[in-house]
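Heads up, the thing below is written out as structure tokens.
2 protein chains.
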Amino acid sequence: MSPHRTPDSSRRSDRSRRAIHEAALALVGEVGYARTTIEGIAARAGVGKQTIYRWWPSKAAVLLDAFLDMAARQAAEADASGGGGEGGIPDTGDLATDLKLVLRATVDELNDPATEAPTRALTAEGVVDPVLGAQFVESLLEPQLQLYVTRLRAGQESGEVRADVDPRVAVELLVAPLAHRWLLRTLPLTHAYADAVVDHALRGLSARG
Amino acid sequence: MSPHRTPDSSRRSDRSRRAIHEAALALVGEVGYARTTIEGIAARAGVGKQTIYRWWPSKAAVLLDAFLDMAARQAAEADASGGGGEGGIPDTGDLATDLKLVLRATVDELNDPATEAPTRALTAEGVVDPVLGAQFVESLLEPQLQLYVTRLRAGQESGEVRADVDPRVAVELLVAPLAHRWLLRTLPLTHAYADAVVDHALRGLSARG
Chain A
1 MSPHRTPDSS
11 RRSDRSRRAI
21 HEAALALVGE
31 VGYARTTIEG
41 IAARAGVGKQ
51 TIYRWWPSKA
61 AVLLDAFLDM
71 AARQAAEADA
81 SGGGGEGGIP
91 DTGDLATDLK
101 LVLRATVDEL
111 NDPATEAPTR
121 ALTAEGVVDP
131 VLGAQFVESL
141 LEPQLQLYVT
151 RLRAGQESGE
161 VRADVDPRVA
171 VELLVAPLAH
181 RWLLRTLPLT
191 HAYADAVVDH
201 ALRGLSARG
Chain B
1 MSPHRTPDSS
11 RRSDRSRRAI
21 HEAALALVGE
31 VGYARTTIEG
41 IAARAGVGKQ
51 TIYRWWPSKA
61 AVLLDAFLDM
71 AARQAAEADA
81 SGGGGEGGIP
91 DTGDLATDLK
101 LVLRATVDEL
111 NDPATEAPTR
121 ALTAEGVVDP
131 VLGAQFVESL
141 LEPQLQLYVT
151 RLRAGQESGE
161 VRADVDPRVA
171 VELLVAPLAH
181 RWLLRTLPLT
191 HAYADAVVDH
201 ALRGLSARG
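Going line by line, the protein sequences match chains A and B.
When the count follows the UniProt record's numbering, it moves up by one through the first sequence with no breaks and lands on 209 for the last residue.
When the count follows the UniProt record's numbering, it moves up by one through the second sequence with no breaks and lands on 209 for the last residue.
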């Protein structure tokens, strides 16, 4: 039994929100973002379209909220299983191993056919729409990047990471190559690639100094 | 006088193509990609819309061709001025300096308000449309990435770059952070950032080994 009793109306709202999220994700996967409409989402979720308009200004906002909800549930699951702490990056004292673990998991998430189409649609909308892009970064992307910053700072304290490295720049050397390969589909996004990015970023490219 | 005389009809075609490219780039900048139509491009370029449909299957294809034409002209200018050779990356023997030069220029290009909107529109289309994305990568992006591969290989031969570095992975550590910051607008894309990416990538993040 839940320690906090939720009033029925709030529980109904939660059920509706979840149904709307799932309908939006599924529709974008099936017919594409351009042909997904608020009407279509409402019909599939079994709610009136006014319910959607009351909570969200656009289909992009529904999609962003669906991903935020998914991220919150994943973090809660990680907490419940005791691993990683708030979805953070593990610190075994071996930075390369810890980074490869999380970046391989990122590869698997990006390649997951269940979420690939809506993730691509939301990212592409953010590329052309600065307001949505800012919401996407602030609420979803930057908090994830800060988990790497925290791990890299701990590495600086323990002497694993060079003291003169800017952790916020370093995180982009690790994450951006995977995002770039996935977004632009230049080459296959694999675990081997995640490992190679970590190895190259940690050791550096230069033969001198 | 041009050494190769172009027949009148071919010269007219070139003029029309250029006018269509410019109309497409300008329209996307002014009204956005979604509201740019083949009809609108034709009206602005002063051609019939059948002329456009004869050469291109979609507005995305017009846009891609406009960027290819721009890249070809930039490469021709670089050749004519004797610098860089085929738009390649200079090799002064100082890899950090050479990379900072070209990555700063990339920052300026990405931040150029004259091309930002169509570049974003084309990239976003490639994110959601695998066929267009593959054309974008094959014709425009990968040839640019290969210029970095060539410079990094030369660096391996001269002993500047570690022999165990995979140049095709290394190029993504250099280019992807800039693309990521620009596409997702996480933080400002500046010359100082380009320099920091080069320094972090060359030296590596690790304090050990």
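Here a beta-carbon is modelled for each residue, glycine too, at the ideal position from N, C-alpha and C.
* To do: Please classify arginine 181/B: is it buried, with 16 or more other beta-carbons within 10 angstroms of its beta-carbon, or exposed?
  => In summary, arginine 181/B is buried, with 16 or more beta-carbon neighbours lying within 10 Å of its beta-carbon over all protein chains present.
* Asked: Does the Cβ of glycine 85/B have 16 or more other Cβ atoms within 10 Å, making it buried, or fewer, making it exposed?
  -> Reliability fails at glycine 85/B, whose pLDDT of 48 lies under 50, so the model's placement of it is uncertain and no value is given.
* Determine which residues of the UniProt domain "HTH tetR-type" (14-74) of chain A have a Cβ less than 9 Å from any Cβ of chain B, and write them out in chain order. => Across the UniProt domain "HTH tetR-type" (14-74) of chain A, CB contacts with chain B closer than 9 Å involve Gly32, Tyr33, Ala34, in sequence order along the chain.
* Can you find a C-beta in chain A that's less than 7 Å from the C-beta of glutamate 138/B? -> It does not: the Cβ of glutamate 138/B has no partner Cβ on chain A nearer than 7 Å.
* Asked: Any C-beta of chain A sitting closer than 7 Å to the C-beta of histidine 191/B?
  -> Histidine 191/B does not count as touching chain A.
* Asked: If you count every other CB in all the chains shown that lies within 10 Å of the CB of glycine 48/B, and 16 or more means buried, which is it?
  -> If you draw a 10 Å sphere on the C-beta of glycine 48/B, you find fewer than 16 other C-beta atoms in it, and that means exposed.
* If the cut is a Cβ gap below 7 Å, which residues of chain B does valine 128/A touch? -> Within chain B, the residues near valine 128/A are Tyr33, Arg120, Ala121, Ala124.
* To do: Taking only the alpha-carbon atoms, compute the straight-line gap between alanine 170/B and leucine 101/A and give it to the nearest angstrom.
  => Cα atoms of alanine 170/B and leucine 101/A: separation of roughly 20 Å, rounded to the nearest angstrom.
* **Interface residues of chain A facing proline 143/B [CB-CB closer than 8 Å]** => Ordered by position in chain A, no residue passes the 8 Å Cβ test against proline 143/B, which lies about 12 Å from the chain.
* So which residues of chain B does glycine 159/A contact, with C-beta pairs closer than 7 Å? -> Correct list: Ala207.
* Asked: At least one CB of chain A closer than 7 Å to the CB of proline 90/B: is that the case?
  -> No, proline 90/B does not count as interfacial toward chain A.
* Give the interface partners of valine 102/A over in chain B, defined as CB-CB distance under 8 Å, in chain order. => Here the premise fails: no neighbours, minimum Cβ distance about 15 Å.
* In or out: residue 210/A buried (at least 16 other Cβ within 10 Å) or exposed? -> The requested residue 210/A is not part of the displayed model; chain A covers only 1 to 209.
* Asked: What alpha helix (DSSP H) runs, 4 residues minimum, are completely inside the stretch 110-174 of chain B?
  -> Qualifying alpha helix (DSSP H) stretches, in chain order: 113-128, 130-136, 142-158.
* May I have the straight-line CA-CA distance separating glutamate 77/B from isoleucine 20/A, to the nearest angstrom? => Each residue's Cα considered, the two are about 54 Å apart.
* Asked: In chain B, which residues lie less than 9 Å from valine 169/A when you measure between Cβ atoms?
  -> The answer, in chain order, is Pro177, Tyr193, Ala196, Val197, Asp199, His200.
* **Opening and closing residue of the alpha helix (DSSP H) in which threonine 51/A lies** => Segment 49-55, the alpha helix (DSSP H) holding threonine 51/A.
* To do: Please name the residue or residues paired with serine 206/A in a DSSP beta bridge.
  => Looking at the DSSP output, serine 206/A bridges to Val161/B.
* Asked: Are the CB atoms of phenylalanine 40/B and leucine 25/B nearer to each other than 7 Å?
  -> Checking the displayed sequence, the identity of residue 40/B turns out to be glycine instead of phenylalanine. No, the Cβ-Cβ distance between glycine 40/B and leucine 25/B is not below 7 Å.
* Work out the CA separation of threonine 119/B and alanine 60/A for me, nearest whole Å. => Each residue's alpha carbon lies about 21 Å from the other.
* To do: For chain A, find out if any of its Cβ atoms is closer than 7 Å to the Cβ of arginine 107/B; answer yes or no.
  => Looking at the sequence provided, one finds valine at residue 107/B rather than arginine. Not an interface residue.
* Under 7 Å between C-beta atoms of alanine 194/A and aspartate 91/A -> Using a Cβ distance threshold of 7 Å, alanine 194/A and aspartate 91/A do not count as a contacting pair.
* serine 9/A - containing alpha helix (DSSP H), residue span -> First-last of the alpha helix (DSSP H) with serine 9/A: 8-31.
* Should alanine 192/A go down as buried or exposed, given a rule of 16 or more other Cβ atoms within 10 Å for buried? -> Exposed.
* Asked: Looking at the structure shown, is proline 188/A part of a helix, part of a strand, or coil, going by DSSP?
  -> The answer is coil: DSSP assigns proline 188/A none of H, G, I, E or B.
* Asked: What are the boundary residues of the alpha helix (DSSP H) that includes residue 210/A?
  -> Nothing about residue 210/A can be read from this structure; chain A reaches only from 1 to 209.
* Roughly how many angstroms lie between the CA atoms of glycine 133/B and leucine 184/A, to the nearest whole one? -> A direct Cα-to-Cα measurement between glycine 133/B and leucine 184/A gives close to 6 Å.
* Whose Cβ in chain A lies nearer than 8 Å to the Cβ of valine 165/B? -> Correct list: His200, Leu205.
* chain B beta carbons: is any one of them nearer than 7 Å to that of glycine 133/A? -> Taking a beta-carbon distance threshold of 7 Å, glycine 133/A counts as an interface residue toward chain B.
* **Reference serine 158/A; option with closest CA among Gln50/A, Arg15/A, Gly93/A** => Cα-wise, what sits closest to serine 158/A is Gly93/A.
* Report yes if the C-beta distance between valine 175/B and alanine 96/B is below 7 Å; otherwise report no. => No. Outside cutoff.
* Which class does glycine 85/B belong to by DSSP, given the choice of helix, strand or coil? -> The predicted model places glycine 85/B with a pLDDT of 48, which falls under 50 and marks its position as unreliable; any figure quoted below should be read in that light. Coil at glycine 85/B, not helix or strand.
* Can the beta-carbon of serine 9/A be found less than 7 Å from the beta-carbon of leucine 68/A? -> Serine 9/A places its beta carbon 7 Å or farther from that of leucine 68/A.
* To do: State yes or no: is the C-beta of isoleucine 41/A nearer than 6 Å to some heavy atom of the ligand HEM?
  => What this structure holds is no ligand at all, so the ligand HEM is not there to describe.
* **Beta carbon proximity, arginine 153/B to chain A, threshold 7 Å** => So, not an interface residue.
* Asked: When you compare only the Cα positions, how much space is there between isoleucine 52/A and leucine 141/B?
  -> When only Cα atoms are considered, isoleucine 52/A and leucine 141/B end up about 40 Å apart.
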